[in-house]
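K.L.:
Please find one structure pasted underneath; my questions will follow.
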Amino acid sequence: MPRKKSEEPTRQLYAAVREDLYLASKAKAAERRMSLREFVEHALALALNETEQAPPPPPEPSVWEDEYIRLQARQPIGSPVELTKEEAVRLLRASLE
């Protein structure tokens with residue numbers, strides 16, 4: 120996944136954080152389909168929200184924008200579809216919204 124180029128000045132941040140916190144934040148960032156860097160920037164902006172307005176989170180992508188789902192949908196009618204239970208539930212919920 121290519122990174123978005125930032126025109127703003129940046130600083131690198133190094134920190135030792137608890138593993139459970141790191142794994143939970145990495146999972147949440149993946150769930151939102153954003154990089155961990157973007158997730159941390161968003162969290163820092165929210166923490167500083169006392170004086171400034173935090174940037175809105177990126178829009179939630181449609182379940183149909185998933186590359187694997189698109190590949191499955193392009194198969195000829197009658198072809199077997201291989202989805203995990205979680206993917207099937209996501210597709211069903213998205214189609215009912």
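Sequential numbering from 120 applies to the sequence shown in my numbering.
All residues carry an ideal CB built from backbone N, CA and C; glycine is no exception.
Measure the C-alpha to C-alpha separation of residue 209 and residue 186 and round it to an integer number of angstroms.
P.N.:
Distance between the alpha carbons of residue 209 and residue 186 is about 14 Å.
K.L.:
In whole angstroms, what is the alpha-carbon distance linking residue 138 and residue 191?
P.N.:
Spanning the two alpha carbons is a distance of roughly 35 Å.
K.L.:
Would you report the Cα separation of residue 142 and residue 182, rounded to the nearest angstrom?
P.N.:
So the alpha carbons of these two residues sit roughly 23 Å apart.
K.L.:
Residues in the same chain with beta-carbon distance under 8 Å from residue 200, minus the five sequence neighbours each way, listed in chain order, please.
P.N.:
The answer, listed in chain order, is 191 and 194.
K.L.:
Measure from the alpha carbon of residue 129 to the alpha carbon of each residue in 157, 146, 207 and 213, then state which is nearest.
P.N.:
Among 157, 146, 207 and 213, the Cα nearest to that of residue 129 belongs to 157.
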